[in-house]
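Colleague: Sequential numbering from 1 applies to the sequence shown in full-length UniProt numbering. Think of the CB as a built atom: it goes at the ideal place given N, C-alpha and C, for glycine as much as any other residue.
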Amino acid sequence: MRYAIYYCPAAGSELDRFGQDWLATSELPGITSARIGELLRDARRYGWHATIHAPFVLTAGMSYQDLRQAVAAVAQSFTPFALPLKLDRLAGFLALRPSSEHVAIDALAAACVQALEPMRALIDELAKQRRAMGLDATELALLNRYGYPYVLDRYRFHMTLSAPATPLEEQILHQALEPLVTKLSSALIDTLSICREASPGADFELIERMPLRMEKRA
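1) Classify A218 as helix, strand or coil using the three-state DSSP reduction.
2) Considering only the beta carbon of each residue, do M210 and I189 sit closer than 9 Å?
3) With 16 other CB atoms within 10 Å as the buried threshold, where does residue 247 fall?
4) How would you write the range of the beta strand (DSSP E) that E197 sits in, first residue to last?
5) Would you kindly report the start and end of the unbroken alpha helix (DSSP H) that includes F18?
6) Quick one: Cα of L143 to Cα of I52, how far?
7) Just to confirm the assignment, what range does the beta strand (DSSP E) spanning L161 have?
8) Can we say the stretch 38-48 touches the stretch 8-28, given the rule of at least three CB pairs closer than 8 Å?
9) Over what stretch of residues does the alpha helix (DSSP H) that includes A141 continue unbroken?
10) What would DSSP say about Y3, mapped onto helix, strand or coil?
11) To the nearest angstrom, report how far apart A218 and L135 are at their CA atoms.
12) Let me check one thing: in DSSP terms, what residues is F81 bridge-paired to?
13) If you pair each beta-carbon of the stretch 73-91 with each one of the stretch 172-188, do three or more pairs fall below 8 Å?
14) Spatial neighbours of Q171 within its chain, please: CB distance less than 8 Å, with the 5 preceding and 5 following residues excluded, ordered by chain position.
15) Alpha carbons only, please: which of L212, A198, A165 is nearest the one belonging to L206?
16) What span of residues does the beta strand (DSSP E) with A95 cover, start to end?
17) Quickly, what does DSSP pair P211 with across the bridge? List them, please.
18) Would you list the residues sitting across from H49 in a DSSP beta bridge?
19) Any idea if M159 is buried or exposed, counting beta-carbon neighbours within 10 angstroms, 16 or more meaning buried?
20) Suppose contacts are defined by Cβ-Cβ distances below 9 Å. Is R154 in contact with T138 by that definition?
21) Rounded C-beta distance between L152 and L177? I'm assuming under 8 Å.
22) Is there at least one non-hydrogen atom of the ligand HEM closer than 8 Å to the beta-carbon of E170?
23) Hey, could you find the ends of the alpha helix (DSSP H) C112 is sitting in?
Quick look at the structure:
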């Protein structure tokens, strides 16, 4: 069983409806339905989200209650903030990304990584070797330290919209997405979501949302 800490838009929100509708797409001119299924397969399995802490197994002696307490403590260390988004290309795939540098989301992800590190089980050597492919020296050091290379200075907030596609497919996807994305307002980062993969290869499911600290009004 693996857990992950995600940003999941509030159910029924503009961003949630956009993501759910996009992941349900089955037809686009110029791309077969079967190919669309391939391009959206992983995004559908992991759910409409942005990763704050990548999936991991709890180490021996740690329980879900320990995890939720740690995530709640991180959430209560931050206040909600808006994150403007744009359609972007990252590592060969299309995603929603911050439209400018945003210190708060990077700090939130870093705090999560640091807080949950004591309860993360070490990954095995085979998984480490698989993840090490194509990494630079900094990413390798992060992989060895945290079990995942894209953390801290290498963290990149993104909400995946497709797997890597051919240039023509990417053009079609971009043309379909761009008018939808331009209508979106900023993402409201106001909760951390604990999600779970019950068995290897299963869809991730949202278990619980932990609210960020609300500022008290005078």
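Modeller: Walking through what the data contain:
1) Below a pLDDT of 50, predicted positions are generally treated as unreliable, and A218, at 48, falls in that range; the measurement from the model is reported next regardless. Looking at A218 - three-state DSSP - the assignment turns out to be coil, as it is neither helix nor strand.
2) no
3) There is no way to answer for residue 247, as the model of the chain reaches only from 1 to 218.
4) 191-197
5) 14-23
6) Using only the alpha carbons, I get a separation of about 16 Å.
7) L161 -> no beta strand (DSSP E), and no H or E assigned at all.
8) yes
9) 137-146
10) Note: Y3 maps to strand in three-state DSSP.
11) Caution applies to A218, whose pLDDT of 48 falls short of 50 and renders its modelled position unreliable; the value that the coordinates give is listed next. Taking the straight line joining both Cα atoms gives about 49 Å.
12) F81 is bridged to I189.
13) In this structure the stretch 73-91 lies against the stretch 172-188, because at least three pairs of beta carbons, one per stretch, are closer than 8 Å.
14) none
15) A198
16) 93-98
17) Partner(s): T191.
18) In the DSSP output, where bridge partners are listed per residue, H49 has none listed.
19) Counting Cβ neighbours within 10 Å, M159 comes out buried, since at least 16 surround it.
20) yes
21) With a Cβ gap of about 29 Å, L152 and L177 do not count as contacting.
22) In the structure on display, the ligand HEM does not appear, and there are no ligands present to speak of.
23) Unbroken alpha helix (DSSP H) run through C112: 103-116.
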